[in-house]
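To start, the structure under review is shown below, and the notes come after it.
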Amino acid sequence: MNRAKLSSDNDPQKLKENIILLKNCIHELEKKHQEEIKKKNEQISTLYDQLKLAVHQRFGKRSEKLNVDDRQANLFDEPEVSKAEQEKVEEADVSLTIPAHTRKKPGRKPLPADLPREEIIHDLTEDQKQCDQCGHELHKIGEDISEQLDYIPAKLKVIRHIRYKYACRSCEGNVKSAPLPKYPIAKSIAAPGLLTQIIISKYQDHLPLYRQEEILKRLGIDLHRGTTSVWMMKIGQLMEPLYKRIQMQLIYSDYLHADETPVQVLRSNGKRKPSKSYMFVYCTGARSSPLILYDYQSSRSGKSAKDYLEGFKGYLQTDAFSGYNIFHEDNEVIQLGCWAHVRRKFFDIVKITKTKGLAHEAVERIAELYQIETEADEATFSNDERKALRLEKSKPLLESFKTWLDENHVQTPPKGLLGKAMSYALNHWELLIRYLDDGKLKLDNNAVENAIRPFALGRRNWLFCGNEKGAKASAIIYSMIETSKANQIAPEKYLQYLLEKLPYCKSESDYEELFPEKYKSEHCNNSSEMTTHSDGSI
514 MNRAKLSSDN DPQKLKENII LLKNCIHELE KKHQEEIKKK NEQISTLYDQ
564 LKLAVHQRFG KRSEKLNVDD RQANLFDEPE VSKAEQEKVE EADVSLTIPA
614 HTRKKPGRKP LPADLPREEI IHDLTEDQKQ CDQCGHELHK IGEDISEQLD
664 YIPAKLKVIR HIRYKYACRS CEGNVKSAPL PKYPIAKSIA APGLLTQIII
714 SKYQDHLPLY RQEEILKRLG IDLHRGTTSV WMMKIGQLME PLYKRIQMQL
764 IYSDYLHADE TPVQVLRSNG KRKPSKSYMF VYCTGARSSP LILYDYQSSR
814 SGKSAKDYLE GFKGYLQTDA FSGYNIFHED NEVIQLGCWA HVRRKFFDIV
864 KITKTKGLAH EAVERIAELY QIETEADEAT FSNDERKALR LEKSKPLLES
914 FKTWLDENHV QTPPKGLLGK AMSYALNHWE LLIRYLDDGK LKLDNNAVEN
964 AIRPFALGRR NWLFCGNEKG AKASAIIYSM IETSKANQIA PEKYLQYLLE
1014 KLPYCKSESD YEELFPEKYK SEHCNNSSEM TTHSDGSI
């Protein structure tokens, strides 16, 4: 309020003007205060939601499924509906059918038939085989069998390679002996079986090398973690040529998923110590013969992904991280969005909100899109059939959801959790609806997120990589393990097979024989045992 403009004159006209001026000043101050209060309330609401979400993420359930209680939260607090809508609901209730299903028989599952059995006979003594009533001899009429599962501790063995030496007695020369087989690691005591066990324990079972060192000590073997760490790096070098060839196979596909996760490297070239680096993960979108490859990079820059995927042409599905925007310059790479990330942002609000609101409605709308995909999966639709189904059912739902977002976004505080969730969906809308273009495309990026999860679980145990060489070796080994699992191949069998065969690989065809799909077709789809030649060749 500007007091200099107020007159001290007793003139009625001047007093009237002063009153009007005071009223205007009061209105301006009130308006300003209301705006400040509104702004503060929005900030408080946003911070409160963030606090509740942080508490829930630390102490609450991790599941993102809506349980029965969530769906029935407002069972007795429903809005009024019209008579026509009520009749429609009642008609839907009347016509509802529940598909038949097979109930699982409760009780203990039988033990695998292929496990070795040790029989222990429990019989009566000769005195007990006499009848207590008449004294005659009892006769065997049957038997009762019960089984227990026992555990045989791990055993180590020493393989002795004995090579006979031959020489000529006449000339006392020409000494000959059989050549040694090729080992995964030259001049090492580690056989393929031991290396496979160490790899599986570290990268599959998340058991750090220092814990494995303690386990081996209990078995009487003194094997330092420094030695096994060097072994892992050499195994990575051994597998690298095969990894590079699988990478080219991945690049030649026309549909990929990509994601990244941080990893700490203690000694990284050109960076302060310790530093945060990243493990990129790429996964083919094909539903058959999938490939999963890890790639260590010292930065999260999109250039890392672009250099790794040089030559790739097709669809690239990501979580909308800005680093992947570098592919905008490449007309041969078409980007897709992830509906799981959209749903997660709304579901974070559902977790901390007791009353049903806009976030719940968004989650239910997205659930309808996933239900259509489930329908296509259960019917085993081809890509063309899936695309037709999406255009018929999914496209109208998407158009309705877009309208819903536009109408509610303008009425929602932009900095709150709900506003950010809506902004995320609207900002990436074109990428999110692109899955309608082709039936082979998926609704989300969950395939690569599932592939990256084993690395994240292991990171909680081993915490960091010592150096870049170790990180790169880990990327290669993780790639072999996760690709074998994605192709329903037992990773321990596939890894031991690789360690036995890779030392003999010389040509391109030798490496192609070791591709996961080749191994699966030869060793997993028939009952014949794997043949091992005396020289270890492929």
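Just remember that this note's numbering sits 513 ahead of the position in the sequence shown, which is counted from 1. No residue lacks a Cβ here, since even glycine has one placed at the ideal position from N, Cα and C.
Euclidean distance between Cα positions of residue i and residue j
i, j, result
"H1046", "P694", "Legend: pLDDT at H1046 = 38, less than 50; position of this residue unreliable, value from coordinates given subsequently. Their Cα atoms are separated by approximately 11 Å."
"M752", "E727", "27 Å"
"I925", "A833", "The sequence given here places Thr at residue 925; Ile does not occur at that position. If you take the alpha carbons of T925 and A833, they lie about 23 Å apart."
"E685", "R676", "19 Å"
"Y1032", "I759", "13 Å"
"E1042", "E1035", "For E1042, the predicted structure reports a pLDDT of 38, less than 50, and the residue's modelled location is therefore unreliable. The matter cannot be settled from this model."
"P525", "L534", "14 Å"
"Q830", "D843", "15 Å"
"K908", "D957", "16 Å"
"D735", "H854", "48 Å"
"L560", "L708", "51 Å"
"E530", "I550", "30 Å"
"E1058", "T797", "There is no way to answer for residue 1058, as the model of the chain reaches only from 514 to 1051."
"Q599", "D890", "Interpretation of Q599 is limited by its pLDDT of 47, a score under 50 that renders its predicted location unreliable; no figure is taken from the coordinates."
"K730", "S790", "33 Å"
"E656", "H635", "10 Å"
"L1012", "I711", "13 Å"
"A875", "S936", "13 Å"
"N974", "S766", "34 Å"
"Y883", "P697", "46 Å"
"I665", "L628", "12 Å"
"T996", "P803", "7 Å"
"E1030", "L910", "38 Å"
Minimum C-alpha distance to residue i - residue among the options
i, options, result
"Q661", "G686, P623 and N687", "P623"
"E886", "D718, F914, W852 and R857", "W852"
"A969", "L930, H841 and M792", "M792"
"I990", "Y828, R738 and S742", "S742"
"L939", "L732, K858, G836 and M746", "K858"
"K757", "E1021, C1037 and E1030", "E1021"
"S812", "T774, E845, T797 and G706", "T774"
"K715", "S817, A986, A704 and L849", "A986"
"N896", "D951, L910 and P927", "D951"
"P625", "D645, K653, Q643 and D663", "D663"
"R903", "E874, L944, H941 and K955", "K955"
"G1057", "P705, G836 and Q641", "Nothing about residue 1057 can be read from this structure; the chain reaches only from 514 to 1051."
"L763", "M746, V794 and Q777", "V794"
"F914", "A1003, W942, T893 and E905", "W942"
"L732", "L669, G749, P721 and A691", "L669"
"A703", "L779, Q1009 and K1019", "Q1009"
"G932", "L945, L871 and Y948", "L871"
"I557", "A999, G979 and G929", "G929"
"A818", "I839, S802, Y828 and S801", "I839"
"S801", "P1004, K536, A999 and E543", "A999"
"A680", "K689, I672 and R673", "K689"
"P1052", "R972, H841, Y1007 and A1003", "This structure does not reach residue 1052, given that the chain is present from 514 up to 1051, and the question cannot be answered."
"P967", "K700, I633 and D718", "D718"
"P692", "R947, T893, K678 and D640", "K678"
Residue i: first and last residue of the uninterrupted alpha helix (DSSP H) it sits in
i, result
"G983", "E981 to A999"
"N958", "First-last for N958: undefined, no H or E at that position."
"Q762", "R738 to I764"
"Q830", "Not the alpha helix (DSSP H): Q830 falls in the beta strand (DSSP E), residues G827 to Q830."
"N940", "L930 to N940"
"N921", "K908 to H922"
"P721", "From DSSP, P721 is part of no alpha helix (DSSP H); its letter is neither H nor E."
"H1036", "P1029 to H1036"
"P926", "Where P926 is concerned, there is no enclosing alpha helix (DSSP H), given that its DSSP letter is neither H nor E."
"G815", "G815 to Y821"
"K1014", "P1004 to K1014"
"E1021", "E1021 to E1025"
Distance cut-off 6 Å: residue i Cβ against heavy atoms of the ligand FMN
i, result
"E1030", "Ligands in the displayed structure: none, and consequently the ligand FMN is not present."
Bounding residues of the beta strand (DSSP E) (the contiguous stretch that carries residue i)
i, result
"K689", "G686 to S690"
"L806", "I805 to Q810"
Would the region 862-875 count as touching the region 962-973 if we require 3 or more Cβ pairs under 8 Å? no
How do the region 815-830 and the region 914-931 stand: do at least 3 beta-carbon pairs fall below 8 Å, yes or no? Not touching, per the Cβ criterion.
Could I get the ranges of all uninterrupted alpha helix (DSSP H) runs contained in the region 870-895, with 4 residues as the minimum, in chain order? 871-891
Just checking, does the region 795-809 make contact with the region 989-1009 on the three C-beta pairs under 8 Å criterion? yes
Those runs of the alpha helix (DSSP H) which lie wholly inside the region 847-873 and span at least 4 residues: 852-865
What ranges does the beta strand (DSSP E) occupy inside the region 633-711, keeping only unbroken runs of at least 3 residues that lie completely in it? 678-681 and 686-690
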